[in-house]
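Residue numbers are given in the working numbering: position 291 of the first sequence equals residue 680, and the series is strictly consecutive. We treat Cβ as the ideally placed atom computed from N, Cα and C, and that holds for glycine.
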Amino acid sequence: MHDIRLIRSNPDAFDAALARRGEGPRAQEILAIDESRRAKIKASEGAQAERNAASKLVGAAKASGDEAEFERLRALVASKKDEQAALEDAVKAEEARLTGLLEVLPNSPYDSVPDGADEADNVEINRWGNPRNFSFTPVEHFEVPAAAAGLDFETAAKISGSRFVVMKGAMVRLQRALAQFMLDTHITKHGLTETWVPVIVRDEAMYGTDKLPKFGEDSYQTTNGWWLIPTSEVPLTYTVAGDILSDADLPIRMTAHSQCFRSEAGSAGKDTTGMLRQHQFEKVEMVSITKPEDSDAELERMTKCAEGILEALDLPYRTVVLCTGDMGFGARRTHDIEVWLPGQNTYREISSCSTTGDFQARRMNARFRRADGKPEFVHTLNGSGLAVGRCLIAVVENYQQEDGSITIPAVLQRYMSDAQTISTDGQLI
RNA sequence: GGAGGAGUGGCAGAGUGGUCGAAUGCGGCGGUCUUGAAAACCGUUGAGGGUUUACGCCCUCCGGGGGUUCGAAUCCCUCCUCCUCCGCCA
């Protein structure tokens, strides 16, 4: 949510930021409503003050036995009450209009974010590792025999439909190993606190993390109105909703491993083969809550945490800063990490780390207090560390062998009974 | 699922129709005392909004929403949350 005072104090900057995200100017319209809203607040409060004053005199008139005065004041209070009620309704209507406008406007990008229309305009800021030289033509993950032995899309379709998978044997073991390795690394090396959260949440949590009202169709809702989380960013970030934290509590750094659910509305026909884009997938998420002055450094730190996982797995990647046109709704700056997929002969997104500044904090009223200071909004950041399913794909494709087997990355072997290979028929050896 | 009970300031906890944004205690902050600290004593200490150059003034908030009343923390309705007991259950 945008800060109305900021818009008031610099409407041109607000519109300029919107323009960078491809939105038309809105400041004039917003400020007109704001002005009308404030005028109505003034009128409403004035009527309320008069009502309060008269109301105080009623008791005194009654006590002194002045029945005429008592009745006169009573009538006055009653009329002021009606007047005030009408004015207050007008205030609420204006506030609803204002909120309705603001809550669907995307966050303002930082100056450091490159302008651009789509992913073609993203700017690479880091590249690590060299894609392996294959003595054969590498194939996609679902075509690698050792992986194909454990991936069953037909059965998944029978149970649930398209964009689901049933995994068996070594594949699931590998996925579990990856998640464990990511969590353990974040906990022991990166200092994040492992957190376990609900995957079913209320409206408020979705709204507070800017998934509602605009992106409801991207997520699933239960019949009683709860939402299946599209990412554990939602429950993790919402842990601090409504709180006034002490500055000594910050930063808060959390990590969670959870199932994520996405309807993938609008991506029909995209990535339909394999398990790159699923309705249900696993993700290890990182969320940080910081003081405003610390969030830029925290984004760098978080990005490094995610990159560290890929480096430990010896998977080549590049990191890009998303341009204004490719950035998500709530982000001020986003780093995407793209892992090399030899089967697709390209880099594909495996992590996205964003700072929202105080955008989410305003929506969920998450604040902190410095010694002797007034409450201030925290900054919130979120990032994948990493998408487990996509990491599984990356391991399969990068570690595939000519005979159809898969070599297990060294750091994962201890999670897989010290096996070194997944054989062509899907056995650990 | 059934039956009860409860949600008040950072925390604990009074307040059951007006003088209550709210006693008291703890905690925090400032001060007196002290070489320093502790103790004791004194003072101070919620949030949001409107308005003002500013000092300040005004409005709202006692879990959320609605209602009764001249007047609501207090009465009524409703929702949410927590607790206790029973039932069921991973």
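- request: Decide if Asn-496 is buried, meaning its Cβ has at least 16 other Cβ atoms within 10 Å, or exposed.
  value: Here residue 496 refers to the residue found at position 107 when the first sequence is read from its first residue. Asn-496 should be labelled buried.
- prompt: Who are the Cβ neighbours of Ser-608 in its own chain at under 8 Å, not counting the five residues just before and after it?
  reply: The residue you call residue 608 lines up with position 219 of the first sequence. Closer than 8 Å at the Cβ level, and outside the excluded window around Ser-608, lie Met-595, Lys-600, Trp-616, Leu-617, Ile-618, Pro-619, Phe-650, Arg-651 and Ser-652.
query: Exposed or buried, Asp-715, counting other C-beta atoms within 10 Å across all chains shown (16 or more means buried)?
result: Residue numbering aside, residue 715 sits at position 326 when the first sequence is read from its first letter. By the 10 Å Cβ count, Asp-715 comes out buried.
task: Answer with buried or exposed for Ala-734, where buried requires no fewer than 16 other C-beta atoms within 10 angstroms of its C-beta.
output: What you label residue 734 is simply residue 345 of the first sequence in a count that begins at 1. Reading off the sequence shown, one finds Asn at residue 734, where the question assumed Ala. That one is exposed.
- request: Go ahead and label Ile-818 buried or exposed: buried means 16 or more other beta carbons lie within 10 angstroms of its beta carbon, across all protein chains shown.
  value: For this step, residue 818 is matched to residue 429 along the first sequence. Flag for Ile-818 reads exposed.
query: Using CA coordinates, which residue listed in Thr-662, Arg-463, Arg-666 and Tyr-804 is at the minimum distance from Gly-830?
result: Lying before the first or after the last residue shown, residue 830 is absent from the chain, which here runs from 390 to 818.
- prompt: Taking the DSSP output, what are the residues bridged to Gln-824?
  reply: What is shown of the chain runs 390 to 818, which leaves residue 824 out entirely.
- request: For the stretch 476-493 and the stretch 694-707, state whether three or more C-beta atom pairs, one from each stretch, are separated by less than 8 Å.
  value: no
task: Taking only the alpha-carbon atoms, compute the straight-line gap between Glu-418 and Ser-743 and give it to the nearest angstrom.
output: Locating residue 418 in the first sequence gives position 29, where the first residue counts as 1. Locating residue 743 in the first sequence gives position 354, where the first residue counts as 1. Distance between the alpha carbons of Glu-418 and Ser-743: 29 Å.
query: How far does the beta strand (DSSP E) with Phe-670 in it reach, from first residue to last?
result: Within the first sequence, residue 670 is the residue found at index 281, counting from 1. Unbroken beta strand (DSSP E) run through Phe-670: 669-679.
- request: For Gly-518, I'd like the list of residues in its chain whose CB is within less than 6 Å of its CB, leaving aside the five on either flank, ordered along the chain.
  value: Counted from its first residue, the first sequence places residue 518 at position 129. Counting only Cβ-Cβ distances below 6 Å, and skipping sequence neighbours, we find Pro-705.
- prompt: How would you write the range of the beta strand (DSSP E) that Ala-776 sits in, first residue to last?
  reply: As a working mapping, residue 776 is identified with position 387 in the first sequence. Residues 768-776.
Nearest neighbour of Asp-636, chosen from Arg-758, Cys-712 and Asn-613 [CA to CA]: Locating residue 636 in the first sequence gives position 247, counting from the first residue. The option with the nearest alpha carbon to Asp-636 is Arg-758.
- request: Express the C-alpha separation of Arg-756 and Lys-763 in angstroms, rounding to a whole number.
  value: Mapped onto the first sequence, residue 763 falls at position 374. Mapped onto the first sequence, residue 756 falls at position 367. Going by the C-alpha atoms only, they are around 10 Å apart.
query: Based on the DSSP output, what are the partners of Gln-821 in its beta bridges?
result: Any property of residue 821 remains undetermined from this structure, which presents the chain solely from 390 to 818.
task: State the Cα-Cα distance for the pair Val-554 and Phe-542, rounded to the nearest angstrom.
output: For this step, residue 554 is matched to residue 165 along the first sequence. For this step, residue 542 is matched to residue 153 along the first sequence. In a straight line, the C-alpha of Val-554 is about 5 Å away from that of Phe-542.
query: Taking DSSP as the reference, what is the three-state secondary structure of Arg-409?
result: The sequence position of residue 409 within the first sequence is 20, counting from 1. In this structure, Arg-409 counts as helix in the three-state DSSP scheme.
field: Under 8 Å between C-beta atoms of Asp-423 and Arg-440
entry: The count along the first sequence starts at 1 and reaches residue 423 at position 34. The count along the first sequence starts at 1 and reaches residue 440 at position 51. For Asp-423 and Arg-440, no; Cβs fall outside 8 Å.
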